[in-house]
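Residue numbers for the sequence shown follow this note's numbering, so the first one is 571 and each next one is one higher. Positions of the beta carbon are idealized from the N, C-alpha and C atoms, including for glycine. Inspection log for the structure reproduced underneath, given as structure tokens.
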Amino acid sequence: MNGKTRGCCGCGCGTYIFVIILMAACICAAFHYKDQILEFFYPRDYEETISANCEEYRVDKWLVMALIREESSFNPDAVSGAGAHGLMQLMPATAEWLIGKGGFDMSAADALHAPGDNIRLGVYYLSLLFASYGKDGPLTDPAIVIAAYNAGIGSVDAWLAEGIWDGSEENLSDIPYAETRRHVEHVLRSWRIYQKLYQ
571 MNGKTRGCCG
581 CGCGTYIFVI
591 ILMAACICAA
601 FHYKDQILEF
611 FYPRDYEETI
621 SANCEEYRVD
631 KWLVMALIRE
641 ESSFNPDAVS
651 GAGAHGLMQL
661 MPATAEWLIG
671 KGGFDMSAAD
681 ALHAPGDNIR
691 LGVYYLSLLF
701 ASYGKDGPLT
711 DPAIVIAAYN
721 AGIGSVDAWL
731 AEGIWDGSEE
741 NLSDIPYAET
751 RRHVEHVLRS
761 WRIYQKLYQ
């Protein structure tokens, strides 16, 4: 010891106190503005268009919001590596098929790139999937619809027929495609957050 004692000012306590105060302020702000923060990460872009189409085709609008969030992050110009386009990430062949089946007066280019047309076709497609897998029957779990939207009807039908997956959220781990499994998990999680935030 050299006889000197280090006081608070000499040990950097002021910096620690400042950091603690700053952290406390951030925590308080995050708590106070948590809903606004969550709304930033869970946007409701195109809500009027989504709501109108969901009402027409009897599809939950928060599920559509969640699907768009996970599919394209609400980017109408998004194009996936597989070639899916737009907000709801429709494949060109799927868009053509849906236009013909629904008798829509739109071009495939509009369906892929125009937000309103892309949403309309995507919601219509979801309604067909719900009908196909028994919206009011035993397979009411939306997990199966999300999986079919992502992996294709043929893949999901094969998994069901071969007993690989039963179509339930409870047994998502049985889905053989890791990307589809993760996608279904993410959409379902986002769907529940949307419901909690806005419903």
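Judged by their CB atoms, W632 and Q769 are nearer to each other than the 8 angstroms cut-off. The criterion of a C-beta distance shorter than 8 angstroms is satisfied by L660 and G692. Cα atoms of E609 and V629: separation of roughly 22 angstroms, rounded to the nearest angstrom.
Rounded to the nearest whole angstrom, the CA to CA distance from A728 to I590 is 57 angstroms. For V634, the three-state secondary structure derived from DSSP is helix. Excluding sequence positions up to five before and after A718, its CB lies within less than 6 angstroms of the CB of L699, V726, all in the same chain and listed in chain order. Under the 8 angstroms Cβ criterion, the region 610-624 does not count as touching the region 742-753, having fewer than three qualifying pairs.
Setting aside the 5 residues that flank it on each side, L767 is surrounded in the same chain by D605, L608, E609, Y612, each with a C-beta closer than 8 angstroms to its C-beta; the list follows chain order.
Taking C-alpha positions only, Y703 is separated from S760 by approximately 22 angstroms. For a cut-off of 8 angstroms, the C-beta gap from H756 to E640 is around 5 angstroms, short enough to register as a contact. Annotation: the continuous alpha helix (DSSP H) that includes G692 extends over 685-702. In chain order, Y694 place their CB closer than 6 angstroms to the CB of G672, counting only its own chain and leaving out the 5 sequence neighbours on each side.
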